[in-house]
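Line order of the protein sequences matches chains C and G. Here the first sequence is numbered in our numbering, starting from 1 and rising by one per residue. Here the second sequence is numbered in our numbering, starting from 1 and rising by one per residue. Think of the CB as a built atom: it goes at the ideal place given N, C-alpha and C, for glycine as much as any other residue. A short write-up of the structure that comes next.
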Amino acid sequence: MVEIKSKYVYAALVLIVLAFFFWLFKLNGLLIIAGIFLFFFLPYYIIMKNLDLTQPEKIFFSFFIGWGLFPTVVYYLAIVLSSMKLSVLVSFLLLLTISLILNWKLSKNKTETTS
Amino acid sequence: MEKKKRPRMIKITKTEIIILIVVYLFALFLWTLPFQDQSIPYGEGDASINFFLSNHMFSTDKPMVYVPNATSVLGISSQSEDYAKVNPNNYLFYAPQFHTNFAVMQIIGNNAIIGFYLYLAIICSSIFFTVYFLMRGLYGPITGLLSGFLMIFSVRDQLSYIWGQWGTAFTFLFIPLVLYTYYKYSSSVIEKKEKPIYAYILALLLVFQFLFHPLGFFIGGGMIAVYTVLLAIKEKTIPFNYKKVLICVLIFMVLVPLFEPLMIKQLSGRLDIDINSMQEDTTEKAGFFARLFGWYNIPGGGHGVPDFYFSFKNIYYGYWMLPFLLIGIAYLALNRTNKDLLILSTLIGFYIITHLDLVGILLGGKYPRIFYFESIMFYPIIALGVTKLTSFIKFKGNVILKYAIIAGFVIAVLMINVKTSYPFFNTAYDGIGRLNDVEMQGAAWINENIPKNSYIMLVGAPTFKQQAWLQAMIPEKVIVFDENQIVPSKDKDLNKTTYLIMDYSFFYLYNDQQGIAALAALEQNMTKEDNLKYNIKEQFKVFKLG
């Protein structure tokens with residue numbers, strides 16, 4: 001049997017998921033699933049991937065922590081900025097920046113420890 | 001019986017991921033059926049209130065600190081007398097995370113209804129993933145996938161999702177994660193290779209679980225307490241490090257007030273009322289032994305929860321899965337490894353919580369609703385019964401038989417459970433269960449053409465669902481109505497009204513000529529023809545008053 005490379009399988013799965021949301025809810029569906037991935041998952045996974053956890057643990061913990069943390073930041077920033085829309089954007093950029101800095105620090109520490 | 005060994009997380013394979021995604025998309029297809037073809041909101045009273053609050057943030061582009069002045073729709077709760085005591089400053093009465101997430105999805109989806117309901121469906125159906133995660137971590141991919149698969153058809157979860165008890169549904173999602181994380185942490189302590197990261201993640205999960213709804217926090221806490229006792233007895237050691245627990249308690253005590261500062265005062269007020277209500281003897285007396293040996297024997301009945309909610313037959317598609325549940329329990333009781341004790345603890349903890357009246361602790365009227373959490377224990381144990389059935393018998397074709405049983409079970413689920421679930425979702429809130437197209441068009445016109453904060457009298461829409469949902473759809477205006485009355489007469493804002501809606505659509509839907517004529521007579525008395533601002537098919541009219 002010819003083994004299909006993992007990256008093609010995962011790319012196909014992503015396409016299937018996107019097609020599913022587009023099929024049922026058109027562009028709104030695509031935007032929502034993209035929003036869930038970007039706001040509730042990505043920034044926290046960037047940090048979590050450095051921790052001594054299994055892959056499913058990293059994925060699940062990232063999502064459920066992000067799901068609670070993102071609206072917290074959005075809500076209180078929105079009080080300061082007086083706009084929900086602006087706050088969504090600023091919160092995402094802020095959390096992403098923090099996670100990238102932490103990721104850089106954590107991976108740097110890891111490299112120093114292993115060397 | 002199987003050898004007693006500590007579970008290791010098996011590496012996830014491509015096949016497993018494919019099955020996981022395909023099954024979940026199937027689940028999501030089912031769970032989104034109520035709004036795939038009609039973009040009209042639905043649900044019971046709680047649903048319309050939650051939609052209103054989120055839609056207000058979306059519509060105004062402002063975070064909600066104080067509850068807006070739409071008291072008719074918000075004041076319908078049976079707790080309204082307590083409301084002033086609990087929330088004198090009229091702050092948003094949920095932790096802000098709950099409604100903010102909905103509003104974020106409405107913003108990002110650029111659609112109030114799809115944004116709200118698609119996010120809701122994705123989150124509520126994620127119970128598939130969290131139960132899979134717990135059971136996969138403990139018993140491997142097949143038991144994990146089967147447990148998650150069964151959750152798709154959990155009637156209790158489907159009802160809460162459709163009716164609108166979304167806070168409970170959200171807090172419920174955390175329980176498998178909380179149990180898993182505590183299991184991993186306590187195992188690491190017992191193995192003397194402590195991994196505090198699990199303790200800190202557990203603390204964070206508990207913070208967010210508490211914010212979404214405290215009920216799941218207490219139920220999960222009860223289960224963890226029972227597991228700790230059983231584990232301590234079995235391993236003859238305390239399965240946690242006091243210092244780490246203290247740090248976790250500190251994380252919790254700091255983050256909860258930090259993340260919901262406006263709600264903390266009302267939270268203590270609410271707890272006070274809940275504890276007081278527990279002291280009221282709202283439950284009828286049931287025989288001691290009937291209670292002791294009964295699972296569903298609820299003293300006093302359902303208390304607003306339908307009777308079928310307390311029947312295994314009605315909730316689990318008949319009795320055909322009961323043998324697997326019993327086999328699963330037998331497997332856990334006979335095996336008693338730490339992971340088995342964890343799952344057993346969920347049952348024991350739940351039994352203790354729902355039987356506290358036996359030791360004189362009255363449970364209050366609302367406690368039967370706790371049974372919502374039952375499916376999270378029963379379905380994984382049923383899955384365990386299916387996958388471990390062959391572990392009781394030793395013979396050569398054991399493995400083939402195991403897979404034959406699993407395949408047969410999955411086919412049976414597809415034939416029995418899907419047959420019920422599909423029409424349930426497909427016909428949810430059909431007809432007068434939600435607003436009609438005319439009312440939706442009218443609401444869109446009002447949003448665009450009537451000044452913000454206007455008071456609008458609603459005449460005609462006779463059901464509370466129509467009244468509440470119409471308010472939810474026009475969040476920046478105040479609808480003046482009296483619950484289940486055609487003409488409002490008691491609403492405190494009656495004299496502030498500057499606009500009038502004459503909603504004939506319900507009567508047209510039923511071709512109720514008498515109703516139409518009666519409403520037309522009312523219209524003639526209450527309005528002037530030249531003040532008519534909007535009219536769609538003679539079914540929904542908006543007048544300027546005065």
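Where M502(G) falls, given that 16 or more other Cβ within 10 Å makes a residue buried
buried
CB contact flag (V104(G), V88(C), <7 angstroms)
yes
If the criterion is Cβ atoms closer than 7 angstroms, does the pair Y504(G) and I486(G) meet it?
no
May I have the straight-line CA-CA distance separating Y227(G) from Y182(G), to the nearest angstrom?
10 angstroms
Starting from Y499(G), trace the beta strand (DSSP E) in both directions and tell me its first and last residue.
499-503
In chain C, what lies closer than 9 angstroms to L204(G) by C-beta?
F61, F64, I65, G68, L69
Check whether the Cβ of V90(C) lies closer than 7 angstroms to any Cβ atom in chain G.
no
Taking Cβ positions, are F252(G) and L206(G) nearer each other than 7 angstroms?
yes
Are the C-beta of I47(C) and some C-beta of chain G separated by less than 7 angstroms?
no
Span of the alpha helix (DSSP H) holding L96(C)?
84-114
Return the CA-CA distance between A112(G) and Y139(G), expressed in angstroms with no decimal places.
41 angstroms
From the beta carbon of I98(C), is the nearest beta carbon of chain G less than 7 angstroms away?
no
Evaluate the contact criterion for the region 423-440 of chain G versus the region 35-51 of chain G: three or more CB pairs, one atom per stretch, below 8 angstroms.
yes
Reduced DSSP category for Y317(G) - H, G, I as helix; E, B as strand; rest coil
coil
Buried or exposed (CB count within 10 angstroms, at least 16 for buried), A203(G)
buried
Can you check whether the C-beta of T113(C) is within less than 7 angstroms of a C-beta belonging to chain G?
no
So which residues on chain G does Y75(C) lean against when the C-beta distance must stay under 8 angstroms?
P63, P96, Q97, T100
For L215(G), I'd like the list of residues in its chain whose CB is within less than 7 angstroms of its CB, leaving aside the five on either flank, ordered along the chain.
T168, T171
Give me the Cα-Cα distance between V480(G) and D491(G), rounded to the nearest whole angstrom.
6 angstroms
Just to confirm the assignment: which complete alpha helix (DSSP H) runs, minimum length 4, are found wholly within the region 155-212 of chain G?
155-163, 166-190, 196-212
contact_flag[the region 326-340 of chain G, the region 381-395 of chain G] where n(CB pairs < 8 angstroms) is 3 or more
yes
In chain order, what residues of the same chain have a beta carbon less than 7 angstroms from the beta carbon of L522(G), not counting five sequence neighbours either side?
V459, V487
Give me the DSSP bridge partner(s) of N111(G).
Beta-bridge pairing links N111(G) to no other residue.
Quick one: give me the first and last residue of the alpha helix (DSSP H) that Y175(C) is part of.
No statement about residue 175(C) is possible, as the shown extent of chain C runs from 1 to 115 and does not include it.
Taking 6 angstroms as the limit between beta carbons, can you name the residues of its chain near L28(G), skipping five residues before and five after?
S125
Assumed close pair L500(G), M473(G) - CB separation to whole angstroms, cut-off 8 angstroms
L500(G) to M473(G), Cβ: 17 angstroms. No contact.
Assess contact between the region 9-27 of chain G and the region 143-150 of chain G, defined as three or more Cβ pairs (one per stretch) separated by less than 8 angstroms. Is contact present?
yes
Close beta carbons around K533(G), own chain, < 6 angstroms, minus the five adjacent residues each side
V542, K544
Would you mind telling me which residues of chain G sit closer than 8 angstroms to S6(C), beta carbon to beta carbon, in chain order?
K14
Does the beta-carbon of Y497(G) have 16 or more other beta-carbons within 10 angstroms, so that it is buried, or is it exposed?
Per the sequence shown, the amino acid found at residue 497(G) is Thr instead of Tyr. That one is buried.
If we count Cβ pairs, one from each stretch, closer than 8 angstroms, do we get three or more for the region 215-224 of chain G versus the region 341-349 of chain G?
yes
Distance between V386(G) and I405(G) (C-alpha atoms, nearest Å)
7 angstroms
Where Q36(G) meets chain C, residues with beta-carbon distance less than 9 angstroms
L24, F25
Find the residues of chain G that neighbour L31(C), judging by a C-beta separation of less than 7 angstroms, and give them in chain order.
I108, G109, N110
Within its chain, find whatever has a CB closer than 6 angstroms to the CB of A121(G); leave out the 5 residues flanking it on each side and keep chain order.
W31, T32
Contact list for K85(C) against chain G, beta-carbon separation under 9 angstroms:
D61, I107
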